[in-house]
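Notes follow once the structure below has been shown.
Numbering (this note's numbering), first residue to last: 305 to 356.
Listed below in structure tokens is the structure:
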């Protein structure tokens with residue numbers, strides 16, 4: 305999780321995972337991973353656009 309630069313976990317993850325997380329998202333049943341994708345992808349595209 306630390307190597308990725310952003311440690312994210314869904315709220316129903318194991319307690320050790322939750323402690324290591326920088327951000328806690330809705331549970332996997334409530335589209336927590338989709339929420340992370342919506343959060344991260346626009347920012348990644350903006351960073352990449354600045355590199356050109």
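Just so it is clear, CB atoms sit at the ideal spot from N, CA and C, and this is done for glycine as well. Computed from a predicted structure; not experimentally measured.
Within the same chain, Cβ atoms closer than 7 Å to the Cβ of residue 322 are found at 313, 328, the five residues on either side in sequence being excluded.
Taking a C-beta distance under 8 Å as the contact criterion, residue 330 and residue 315 qualify as a contact pair.
When DSSP reads this structure, residue 345 sits in no beta bridge, so it has no partner. Assigned with DSSP and collapsed to three states, residue 340 falls in helix. Residue 325 carries a coil assignment under DSSP once its states are collapsed to helix, strand and coil.
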